[in-house]
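Under my numbering, think of the first position of the sequence shown as 91, with each following residue one higher. Everything on this sheet refers to the single structure shown next.
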Amino acid sequence: MIAPEVAQRLASVGPGTPMGNLLRRYWYPIAAGPELNQDPVRLLGEDLILFRSGKGELGLIGPRCAHRGLSLAYGIPQENGLRCAFHGWTYDTAGQVVGMPFEPACLPLYITAYRVQELGGLIFAYLGPEPAPLLPRWDSLVRTDATKRVEFTTLPCSWLQCVENIMDPVHVEHLHGHYNNYFRQRRGIETKVLPKRHVKMEFDVKRYGIYKRRLLEGQSEDTYEWQVGHPLLFPNILGLPTEDRMLLDYRVPIDDSHTNDVSYFAIRPENWEPLDPLVRVDYDPLTYDESGRVEGRDVGRQDEMAFVAQGPITDRSRWHPATSDKGVVLLHRLLLENIERVERREDPLGVIRDPEENEPMIQIDPGPKPGGWMATFMGGQFKRDVWELTGWTGADQPSGASSPQPAMS
Ligand code: FES
Ligand SMILES: [Fe+2]
């Protein structure tokens, strides 16, 4: 059982909450691409406006003009910042008013402003106290030997439900195996997935987070997935390097009951085809059936279905955690311990301040491995099933154009 006050501590991410204070020690992707349209951003319960000045500088500032409160989503980018549409007051990227066209002098006024940084085609924000830690240079973001693609999906549920799933190996058998088969059967599609049972699972806490390891029925203990596994980069990123593509899946807390699932794929070309220098950006909203259920059409969507189907904020005080929840219990313990570290003014798990550690990149992908774990788990037919279900036609598909493998955990 989880005490109601602990459940509350885990679930609230707004400014001033214990979990909110912990989560503000990390950087989050909030947008992608060179073109911005002063789009409103909501992150950790705060409403903000992201813009790019005429000089190319990025700004992330409070949502309303200090003069008479017009939304800065209507702002006009200038060489020196963002100009309010109403009477022209202009804000620089530090949130300072640098122009008041009708006034005899510019008053010394500031609105909220946060740090923003670009890496790998993504725009990251940091909402915490100074000095800010370094933006982690995970290998997928930095490497130049892969084509990049990012997909955004807004989920009407708490970020923690999305992250607990990363620490839950057993769901793969049921959600991606049995439920997947049932979903297909109901639609008249031949059932092919034969999931293997989990025999053992272990979790190792390391420098950047938790590595999850699994041993499946019939496997020897020298498989990559049992010896090394793959990480949850604390507190919210699934790192999944497979043999031909790397995935960083950021589960970004919008507020207590909404999450932005940002899936970043780095795909290695199979036959030295030229790389696409642009990061392709897609928005992939959930789809629902006639009864309002999320359609779990593929592995990534089945995960998202499970996050959302627990409700906007699951009531953990009513849970019955069992043997399969060993990883989830460990995650909760680490989150609570790191809340206390922040309260003692220490850096929490995974925070990076040493440039030598961060440069040129932090390697998550250990390189080619004999077979991906998902192929081992589901059998060689699995990839073809995913292509059929999703239209995914990655580089190693028999024919077709490109689109990445869905997120897995
Ligand atoms: S409300 Fe923004 S300049 Fe007047
Ligand atoms: Fe999953």
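Glycine included, C-beta positions come from ideal geometry on N, C-alpha and C.
Alpha carbon of residue i to alpha carbon of residue j, nearest angstrom
{"i": "V262", "j": "W117", "result": "29 angstroms"}
{"i": "Y181", "j": "R173", "result": "6 angstroms"}
{"i": "N271", "j": "D393", "result": "15 angstroms"}
{"i": "E136", "j": "L217", "result": "9 angstroms"}
{"i": "V84", "j": "P194", "result": "Outside the displayed range of the chain (91 to 499) lies residue 84, so it cannot be described from this structure."}
{"i": "D312", "j": "E292", "result": "14 angstroms"}
{"i": "R239", "j": "V352", "result": "10 angstroms"}
{"i": "P367", "j": "T237", "result": "7 angstroms"}
{"i": "E280", "j": "D415", "result": "32 angstroms"}
{"i": "R474", "j": "A156", "result": "Caution applies to R474, whose pLDDT of 35 falls short of 50 and renders its modelled position unreliable; the value that the coordinates give is listed next. When rounded, the distance between both Cα atoms is 56 angstroms."}
{"i": "A184", "j": "P411", "result": "46 angstroms"}
{"i": "R115", "j": "A203", "result": "16 angstroms"}
{"i": "L250", "j": "P191", "result": "46 angstroms"}
{"i": "V283", "j": "Q168", "result": "55 angstroms"}
{"i": "L148", "j": "S310", "result": "51 angstroms"}
{"i": "V260", "j": "Y301", "result": "15 angstroms"}
{"i": "L100", "j": "F214", "result": "24 angstroms"}
{"i": "L162", "j": "D444", "result": "36 angstroms"}
{"i": "E254", "j": "V389", "result": "16 angstroms"}
{"i": "M451", "j": "V232", "result": "7 angstroms"}
{"i": "L420", "j": "L337", "result": "23 angstroms"}
{"i": "P501", "j": "P359", "result": "The requested residue 501 does not occur in the structure, where the chain is confined to residues 91 to 499."}
{"i": "N448", "j": "G278", "result": "50 angstroms"}
{"i": "L335", "j": "G159", "result": "According to the sequence shown, residue 335 is Arg rather than Leu. Answer to the nearest angstrom: the Cα atoms are 46 angstroms apart."}
{"i": "P246", "j": "H348", "result": "5 angstroms"}
{"i": "L134", "j": "L126", "result": "21 angstroms"}
{"i": "A122", "j": "E436", "result": "31 angstroms"}
{"i": "Y340", "j": "E241", "result": "10 angstroms"}
{"i": "L306", "j": "G417", "result": "17 angstroms"}
Three-state secondary structure assigned by DSSP to residue i
{"i": "V289", "result": "strand"}
{"i": "H264", "result": "helix"}
{"i": "D351", "result": "strand"}
{"i": "Q116", "result": "Per the sequence presented here, residue 116 reads as Tyr, with Gln not at that position. Reduced to three states, the DSSP call for Y116 is coil."}
{"i": "F242", "result": "strand"}
{"i": "L284", "result": "coil"}
{"i": "M91", "result": "coil"}
{"i": "G390", "result": "helix"}
{"i": "G299", "result": "strand"}
{"i": "M336", "result": "strand"}
{"i": "L439", "result": "coil"}
{"i": "G110", "result": "helix"}
{"i": "R103", "result": "Arg is not the amino acid found at residue 103; the sequence shown has Val there. Three-state result, V103: coil."}
{"i": "E169", "result": "coil"}
{"i": "F176", "result": "coil"}
{"i": "E360", "result": "coil"}
Enclosing alpha helix (DSSP H) for residue i [first to last residue]
{"i": "H422", "result": "416-433"}
{"i": "N270", "result": "270-276"}
{"i": "V232", "result": "229-232"}
{"i": "R158", "result": "No alpha helix (DSSP H) contains R158, which DSSP labels as neither H nor E."}
{"i": "P445", "result": "445-448"}
{"i": "Y314", "result": "314-317"}
{"i": "L250", "result": "249-254"}
Burial state of residue i (16 or more Cβ within 10 Å)
{"i": "K296", "result": "exposed"}
{"i": "Q275", "result": "exposed"}
{"i": "M91", "result": "exposed"}
{"i": "Q500", "result": "For the chain, the structure presents residues 91 to 499; residue 500 sits outside this window and is missing."}
{"i": "R383", "result": "exposed"}
{"i": "G319", "result": "buried"}
{"i": "N428", "result": "buried"}
{"i": "D379", "result": "exposed"}
{"i": "H266", "result": "buried"}
{"i": "N350", "result": "buried"}
{"i": "S407", "result": "exposed"}
Continuous beta strand (DSSP E) stretch holding residue i: start and end
{"i": "E136", "result": "136-142"}
{"i": "Y200", "result": "Here Y200 belongs to no beta strand (DSSP E), and DSSP marks it neither H nor E."}
{"i": "H320", "result": "320-323"}
{"i": "A215", "result": "212-216"}
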